[in-house]
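Colleague: Can you keep this structure in mind? I'll have questions shortly.
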Amino acid sequence: MSAYEAIILTIITASTPLLLAAIGELVVERSGVLNLGIEGMMVMGAVCGFAAAHVSGSAWLGVIAAVMGGVAMSLLFALLTQTLITNQVATGLAITLLGLGLSGLIGSDFVGLPGVKLSNVSIPWLTELPYVGRLVFGQDPLVYVSIVLTAGVAYGLKYTRWGLIIRAVGQSHSSAHALGYRVIAVRYACIAFGGATSGLAGAYLSLVYTPQWIENMTAGRGWIALALGVFSTWLPGRLAAGAYLFGGVWILGLYAQAMGLGIPSQLLSSLPYVATILALVVISTNRRLSVINTPASLGQGFVPDR
Amino acid sequence: MKKLLTAAAGIALASVLSMSAVAADKLKVGFIYIGPPGDHGWTYQHDQGRQAIDAHLGAQVETVFVENVPEGPDAERTITRLARQGAGLIFTTSFGYMDPTLKVAAKFPDVKFEHATGYKRADNVSTYSSRFYEGRYVIGQIAAKTSKSGVAGYIGSFPIPEVVRGINSFLLGAQSVNPDFKVKVIWANSWFDPGREADAAKVLISQGADIITQHTDSTAAVQVAQEQGVHAFGQASDMEAFAPNALLTSIIDNWADYYVARTQAVLDGTWVSTDTFGGMDDNMVNMGPFVNMPADVKAMAEATTAAITAGELHPFAGPVYKQDGSLAAAEGEVVDLGTLLGMDWYVQGVDDKL
Amino acid sequence: MQIVLEKRSQASSWMNVMSPVLAVSLTVIMGGLIFAAIGKPPLTALYLYFIDPLTSWWSIEEVLVKAGPLVLIGVGLAVCFKANVWNIGAEGQLTVGALMGAMVPILFGDWQGPWALVAMLLLGAVGGAMFAFIPAWLKTRFGVNEILTSLMLVYIAQLLLDWMVRGPWKDPHGFNFPKSVAFEGWHLLPMWGDGRMHLGLVIALVIALVLYWVMRNNLKGFEIRVVGSAPRAGAFAGFSQTKMVWFCFALSGALAGLAGLIEVAGPIGQLQPHISPNYGFTAIIVAFLGRLNPLGVVFAGLLLAVSYIGGEGVQIELGISDKTTQVFQGMLLFFILMCDTLILYRIRYLSAKPVTGSGDAS
C-alpha cells in the first residue's frame, strides 16, 4: 500500500462518521427541526452496536442494534419537541446528557472486551487493482452506505414528492399544514431518520473505527457533525465535501506532526476548526446560495390551530 | 400530604444517619478519579488498587470513589466533601489535583492525603508516582530488536515531563540495541480520544513506523497495530485481549501494593508524609507477559527487567546527549532526579521538537 | 379519543407557578423508581440529591460557588437568545476572558492593589467580548451562521489556553507542568465564609438583577424582545438587526469572559489547561430552563447546581455512579421542559376527528 493510499484511507475513516451523522441531521433541519442531541444519539448507537455485536458475534446485528438505539433516542426527542412542543435547543442538549449517561450504564459490562470488527468489502480481482483497488472496492461497508445515503438524500430532497414535502414543512409549517400535509408526522419521520444515521455513525465508531466500547467514545464528534450541517448550507453535496475537508485537515495535521516539523501541536489541532470557519466565510459571501436553502422555520415548534 | 413528606424526609434522614454511624467504626478511604474506571487505562488501574484495599482490608476499611472529577474548580469541593464525610485517607489520582489537595489538606490536618504524580507535600500530604520510564526502557529494547524499519511511532498525550521522560527512556533503550533507531512522535492533545489515537497510529504506520507505542489512555492504537500487522505495547493495563498477535508486552501500573500498604499504615498509626517514586524494585511498575517474540528477545527483555529491578541498570545512565548535542549526563553519571522530574528536552534521535 | 394541545389565549399564571412543582414531583417519582430498580434506597437517594445539599452551610456555599458562573453566563445568553442571536460559544469566550485577565498576575506580577483586581475583571470582560466579536463580525459582514463559528471558536480558544500554559505562561518553577504561577494577594478575589464564597457571586447576582430590570422596564429590553420575536416589526421601528447582533455578542461575551476570569481568580487561583467543567455549554441549558428571563436564570442556575452537588453526594454515600446522575439530570430537564409547555398550552381531549386547521399557526 503506497503512502498516498494510506493517507486517503485514513481520511475516509475519519470523515465517514461525521458524514453519516450529519446527513441525517441535514434532513432533520430541512424539515425545520434543530436536534442538538446528535452526540447523545451517536454514543447510544455506539454502545448498542457494540453490545449486540459482542453478544451475538455478528457485526451486522450490531449495526442494526445501533440504528435502533439511535432511533429510540430520536423518538424521545420527537415526542418532547413535536408532541409536547418543548424548546428544541434545550431538549437536544438534554438528550445528549441522557445519552452519555445511559450509554455508560449499558456499557459498564462491556468495558475492556475486544469487539467484533465489521470486515472490509473484498471483491476478487477488483479489490486487488493497483492504486484504486483498495480505495474504490475495498472499503468497509458503511463507507458505501454513507455515500449512497448522501446521494439518495441529495436526489430525494430535490426530485421526489417526499423531498418537496419535507422542504415545504421546513420552509413554512403553517403553509404546509394549510396544504393538508401532516407537519408533525413528517417531522417525526425526519427526526427518526436522523436518529438512524446518528446510530450508524455510532456503530462506525464502535465496530469499524476502534472496535471496542469506551465511555464517551464519541469525543465530541456529534458537535462537529452538527457544525457541518450548518456549514453545508443544507446541501448534501457540500456536506460530503465539508466532512472530507474536515477529516482531511485533521489527518494532515497528524502527518505534519509525524514529520517532525516542529509546529506546535495545538496549532495543528486547531486547523480543522479554522479551515471550517474560513470555508464557511467563502461560501457565505455568496449570499444567494446560503439563504435560499435555509429552512425558514428552523427550530420552531408547531401546533395547528383548531 | 405535608405530613407524609415530613415523615418521608425523616425516614430518609434517619437512614443516612444510621449509615454514617456504621461507617464510623471503619476507616473510610476516598478516591478521586479523573476519568471513569471503565477507561481500561489510568483510572482503571487506580480502581484496581482501590479494590485491592477492599479485598485485603475490607473488614476494617470502607472505600468510596468519585469518578470523572474535572481538574478545575470542582476538584477542591469534591476532595473537601470526602474529608468532611469522615474519610481518614484520600487518594487524589491526577496531577491537576495538586493545589486543591494542598488547600483542603490545610483545612483538615487530621486527614491523610496521597497525591499522585505531584511535587508539593505537607505534613499530611504524601506524593507518589511511578518510574514508568523503567518499563519504557525495556520495551524500547524489544522494539529495536523486533523492528525491521528501525522507526517506532510514539503517540503522546501532552508534552509533560512524565511523557517526555517515557519517550526518552524508550529511545535510550532502543539505541542500546540499535544506535540508529529513530522515533516519530504525534501528540494527541488529549488523554482520551480513541478515534484520534487510532488515526495517529495509522499515520505513524504509513510514515514507516512498524512499532507503535502510546502514552494515552485507550486501547485504540494497539488495535490498529493488530489490524495493520505491526507490533505494539500496552500502556497502564494489560491490553493483550485487544491485540493477540501484535502485542509484545504491556507496562502495567500496579498501585495495589502501595495503596494497601498506605492504608495499613493509617490503620496502624504509622503513616507519615513521604515522597514515593516507585519502580520495578518495589513492584509499582510491572511488565506484562512477553509474547509474540523470539526466545532471544524475550531473554534480553527479562534480563533487562531483572537488572533494572536489582538496581544494576539505570535507563538514564550516561552518556546521555540532548537533541541539540549537549551532554546531559557524562559517562559514569546518571541524569539527576530533579532533571528527570522536570524533563523538557528530547534525547538525540527523536524526530520531533519540543 | 385523542389528546391534543391547544394554545392558550394568554400564558397561564397558575401553571407558571405550578409547572416547576409538577416537574420536580414527576422527577422525584421517576427518580425513586429508577433508584429502586437499581437496588438503592429511593428515599435516601432523593434526600441526598435534593435536600442534603441545602442542610449545611458548607454545601450551600458550594451550591452558590457552582451556580455563580452558570448564572453569570446564563443571563447573557438569555438576552442573546431572546433577541434570536445564537451564541453557542460562551465556553470559548470564558477561556479567552480568563487568559486576558490573567495577563495582570502573570506579566505584571508586581502590580498589587485594588486597581490590579479591577483591571483583571475589566480585562476578563473585554477579552470575552473581543473573542465574541469574531462571530459577530463574520455574521454581520459575511452573513456566516453564528452557531457554527462561535462553536468552532471554543475549540480554538481551548487549544490556545493549552498552548499558553504549556509554553509562554508556564510557571518557571513548576517542573514544566502545565500551569501558570499561582495568583497572590490582590490578584485573587476577596473570599469569605469557611468555604470558597467569593466576590464573583455578588457580581453575578447584581448583573442578573440589573439585566432583569433592563429587560422589563428599559427601552433596550423592549428592543431586544421586538427584534427577537418580530424582526420586521423591529426594522420598521428603526431597530437595527446588525447593531443587535453586536450588542448581544458584546454582552454575552463580556459576561462569559468575566465568569472565566472569576473562576481563575477565585476558586482555581491560577491558569491551567482545564478551567471550566463546561460552564459555557451548561449555561445554555440554564438560560432555557430559566425561560430566558434573568431572574428565572438565577433559579435555574441554583437548581442545576443543587443537582450537581447532590449527584456527587449520592456517588459518595450510596455508590450511585456518575452515569446515573447524568441520566437523572437529563430526566429532570425533560420534565421541566414538558411542564413548561403547560404554561402556553392546555391539554384537550378530543373524541371526534380533529378539524383541519385554518392555516396560520401564529
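Residue numbers (our numbering), protein chains in the order written: chain A, 1 to 306; chain B, 307 to 660; chain C, 661 to 1022. Where is the CB? At the ideal position from N, CA and C, for every residue including glycine.
1. Short of 7 Å in beta carbon distance, which residues of its chain neighbour A/V143, apart from the five on each side in sequence? Order them along the chain.
2. If you measure from the beta carbon of B/N551 to each beta carbon in chain A, is any gap under 8 Å?
3. Rounded to a whole number of angstroms, what is the C-alpha to C-alpha distance between B/T580 and B/M404?
4. What does B/V591 touch in chain C if you count any residue whose Cβ is under 7 Å from its own?
5. Fully enclosed by the stretch 37-97 of chain A, which alpha helix (DSSP H) runs are 4 residues long or longer?
6. Thinking C-alpha only, which one of B/N560, B/D602 and B/F476 is nearest B/G594?
7. Can you find a C-beta in chain B that's less than 8 Å from the C-beta of C/W852?
8. I need the boundaries of the alpha helix (DSSP H) containing B/Y460, first residue and last residue.
9. For A/T276 versus C/M812, is the C-beta distance shorter than 8 Å?
10. Determine the DSSP secondary structure at B/Q264, reduced to helix, strand or coil.
11. Does A/Y313 get closer than 8 Å to chain C when you measure Cβ to Cβ?
12. Using the Cα positions of A/I165 and A/A176, report the straight-line distance between them to the nearest angstrom.
13. Any idea if B/T611 is buried or exposed, counting beta-carbon neighbours within 10 angstroms, 16 or more meaning buried?
14. Any Cβ of chain A within less than 8 Å of the Cβ of B/A428?
15. Closer than 7 Å to a non-hydrogen atom of the ligand FMN - does that hold for the CB of C/A919?
16. First and last residue of the beta strand (DSSP E) that includes B/F540?
17. Can you tell me whether B/E639 is helix, strand or coil according to DSSP?
18. Once DSSP output is grouped into helix, strand and coil, what is the label at C/S936?
19. Determine which residues share a DSSP beta bridge with A/L280 and list them.
20. Strictly under 8 Å for the Cβ-Cβ distance: is C/H858 near chain B by that measure?
21. Please name the residue or residues paired with A/Q212 in a DSSP beta bridge.
22. Measuring CB to CB, does B/V335 end up less than 8 Å from B/T615?
23. Are B/V566 and B/I338 closer than 8 Å when you measure CB to CB?
24. Please go through the same chain and pick out, in chain order, the residues whose beta-carbon is closer than 8 Å to the beta-carbon of C/F693, but skip the five residues on each side of it.
25. Along the chain, where does the beta strand (DSSP E) that runs through B/H421 open and close?
26. Given this structure, state the Cα-to-Cα distance separating A/Y209 from A/V71, to the nearest angstrom.
27. So, under 8 Å CB-CB, C/L952 and C/F741 are touching, yes? Tell me the CB distance rounded to an integer number of Å.
28. List, from N- to C-terminal side, the beta strand (DSSP E) runs of 3 residues or more that fit wholly inside the stretch 597-652 of chain B.
29. Give me the Cα-Cα distance between B/D416 and B/A393, rounded to the nearest whole angstrom.
30. Using only the alpha-carbon positions, how far apart do C/A796 and C/L963 sit?
31. Distance check for C/I945 and A/G299, CA to CA, integer angstroms please.
32. To which residues of the same chain is B/K454 closer than 7 Å at the C-beta, ignoring the five residues directly before and after it?
33. Quickly, what does DSSP pair C/R1008 with across the bridge? List them, please.
34. Suppose you measure from the CA of A/V89 to the CA of A/G301; what does that come to, to the nearest Å?
35. How would you list, in chain order, the residues of chain B whose beta-carbon sits under 7 Å from the beta-carbon of C/I935?
36. Spatial neighbours of B/D380 within its chain, please: C-beta separation below 6 Å, excluding the five flanking residues on both sides.
Modeller: Once the coordinates are examined:
1. Stepping through the first sequence from its first residue, residue 143 of chain A is reached at position 143. Cβ neighbours of A/V143 beyond the five flanking positions: I12 and T16.
2. As a first step, residue 551 of chain B must be located in the second sequence, where it is residue number 245. So, not an interface residue.
3. Taking the first residue of the second sequence as position 1, residue 580 of chain B is located at position 274. Taking the first residue of the second sequence as position 1, residue 404 of chain B is located at position 98. Each residue's Cα considered, the two are about 15 Å apart.
4. In the second sequence, residue 591 of chain B corresponds to position 285, counting from 1. Residues of chain C passing the Cβ test: none, with the nearest at roughly 20 Å.
5. 38-56 and 59-78
6. One-based indexing of the second sequence puts residue 594 of chain B at position 288. Ranking the options by Cα distance to B/G594, first place goes to B/N560.
7. Along the third sequence, one-based indexing puts residue 852 of chain C at 192. When Cβ-Cβ separations below 8 Å define contact, C/W852 makes no contact with chain B.
8. Within the second sequence, the letter at position 154 stands for residue 460 of chain B. Not the alpha helix (DSSP H): B/Y460 falls in the beta strand (DSSP E), residues V457 to G462.
9. In the first sequence, the residue the question calls residue 276 of chain A occupies position 276. In the third sequence, the residue the question calls residue 812 of chain C occupies position 152. In this structure, C/M812 lies closer than 8 Å to A/T276 by Cβ.
10. Since the displayed chain B opens at 307 and closes at 660, residue 264 of chain B lies outside it and no answer follows.
11. The question about residue 313 of chain A has no answer, for chain A in this structure spans 1 to 306.
12. One-based indexing of the first sequence puts residue 165 of chain A at position 165. One-based indexing of the first sequence puts residue 176 of chain A at position 176. Roughly 8 Å separates the two Cα atoms.
13. For the purposes of this step, residue 611 of chain B is identified with residue 305 of the second sequence, where counting begins at 1. Buried, because 16 or more other Cβ atoms sit within 10 Å of the Cβ of B/T611.
14. As a first step, residue 428 of chain B must be located in the second sequence, where it is residue number 122. Not closer than 8 Å to any Cβ of chain A, the Cβ of B/A428 fails to qualify, so no.
15. Absence of the ligand FMN is noted for the structure shown, with no ligands found whatsoever.
16. To locate residue 540 of chain B, count along the second sequence from 1; it is residue 234. Note on residue identity: the sequence assigns Gly, not Phe, to residue 540 of chain B. Boundaries of the beta strand (DSSP E) harbouring B/G540: H537 to A542, taken from the DSSP string.
17. Residue mapping note: residue 639 of chain B aligns to position 333 of the second sequence, counting from 1. Looking at B/E639 - three-state DSSP - the assignment turns out to be coil, as it is neither helix nor strand.
18. On the third sequence, position 276 is the one that residue 936 of chain C refers to. It is coil, neither helix nor strand.
19. Here residue 280 of chain A is taken as the residue at index 280 of the first sequence, counted from 1. In DSSP, A/L280 forms no bridge with anything.
20. As a first step, residue 858 of chain C must be located in the third sequence, where it is residue number 198. Closer than 8 Å: no.
21. For the purposes of this step, residue 212 of chain A is taken as residue 212 along the first sequence, with counting starting at 1. A/P114.
22. Reading the second sequence from its first residue, position 29 is the one you call residue 335 of chain B. Reading the second sequence from its first residue, position 309 is the one you call residue 615 of chain B. In this structure, B/T615 does not lie closer than 8 Å to B/V335 by Cβ.
23. By one-based count along the second sequence, residue 566 of chain B stands at place 260. By one-based count along the second sequence, residue 338 of chain B stands at place 32. No.
24. As a working note, residue 693 of chain C is residue 33 in the third sequence. The displayed chain sequence assigns Leu, not Phe, to residue 693 of chain C. So the list reads P702, once near-sequence residues are dropped.
25. Position 115 of the second sequence, counting from 1, holds the residue named residue 421 of chain B. K418 to A422 is the extent of the beta strand (DSSP E) around B/H421.
26. Here residue 209 of chain A refers to the residue found at position 209 when the first sequence is read from its first residue. Here residue 71 of chain A refers to the residue found at position 71 when the first sequence is read from its first residue. Roughly 21 Å between the two C-alpha positions.
27. Here residue 952 of chain C corresponds to residue number 292 of the third sequence, with the count starting at 1. Here residue 741 of chain C corresponds to residue number 81 of the third sequence, with the count starting at 1. Contact flag correct, Cβ pair sits at about 6 Å.
28. 633-635
29. Mapped onto the second sequence, residue 416 of chain B falls at position 110. Mapped onto the second sequence, residue 393 of chain B falls at position 87. The straight-line gap from Cα to Cα measures roughly 10 Å.
30. On the third sequence, position 136 is the one that residue 796 of chain C refers to. On the third sequence, position 303 is the one that residue 963 of chain C refers to. Distance between the alpha carbons of C/A796 and C/L963: 31 Å.
31. Translated into positions along the first sequence, residue 299 of chain A becomes position 299. Translated into positions along the third sequence, residue 945 of chain C becomes position 285. Straight-line Cα distance between these residues: approximately 15 Å.
32. Numbered from its first residue, the second sequence carries residue 454 of chain B at position 148. Around B/K454: D516.
33. Residue numbering aside, residue 1008 of chain C sits at position 348 when the third sequence is read from its first letter. The partner list for C/R1008 (beta bridge, DSSP) reads C/V664.
34. Start at 1 with the first residue of the first sequence, and residue 89 of chain A comes out as number 89. Start at 1 with the first residue of the first sequence, and residue 301 of chain A comes out as number 301. Each residue's Cα considered, the two are about 11 Å apart.
35. Counting from one through the third sequence, the residue named residue 935 of chain C turns up at place 275. Correct list: G378.
36. One-based indexing of the second sequence puts residue 380 of chain B at position 74. So no residue of the chain qualifies.
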